[in-house]
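Colleague: Each residue of the sequence shown is one higher than the one before, counting from 1 in the UniProt record's numbering. C-beta: ideal position from N, C-alpha, C; glycine also. All values reported here derive from a predicted model rather than from experimental measurement. Structure below; questions to follow.
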Amino acid sequence: MVYETLAFALFALVTVGCSLGVVLVRDIWHSALLLGGALLSVAVHYVMLQAEFLAAMQILVYVGGVLILITFAVMLTRTDPEVSST
């Protein structure tokens, strides 16, 4: 029981820390990576609640789908400072 509480507290801190990082970090790439960390730690919470199907869907849909879309959007919309200055 103590180990479950410690694991919950650890992943709760990871979730809150990554979520705050998503909002506070200025670089959009790092923000997207922190969003992935937050979503993965939520999936760990689902596993601790013995909801393995929800954890798998969390990883496949949100981490796999939404994070890849954000990555593509960042890569397509990022401007090169050397090219735009000339």
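Would DSSP call Thr79 helix, strand or coil?
Modeller: Coil at Thr79, not helix or strand.
Colleague: From Ile70 to Gly36, what distance separates their C-alpha atoms?
Modeller: Computed Cα separation, rounded: 10 Å.
Colleague: How is Val25 classed by DSSP in three states: helix, strand or coil?
Modeller: Three-state result, Val25: coil.
Colleague: Go through the stretch 26–79 residue by residue and report every complete run of the alpha helix (DSSP H) that reaches 4 residues or more, in order.
Modeller: Listed in chain order, they are 28–48, 52–57 and 67–77.
Colleague: Does the stretch 4–17 come into contact with the stretch 42–54, if we say contact requires no fewer than three beta-carbon pairs (one atom in each stretch) closer than 8 Å?
Modeller: Output reads yes: the stretch 42–54 touches the stretch 4–17.
Colleague: Check whether the stretch 25–43 and the stretch 57–73 touch, using three or more Cβ-Cβ pairs below 8 Å as the test.
Modeller: Counting Cβ pairs under 8 Å, three or more are found: they touch.
Colleague: Taking 6 Å as the limit between beta carbons, can you name the residues of its chain near Gly21, skipping five residues before and five after?
Modeller: Excluding sequence neighbours, Gly21 sits near Leu34.
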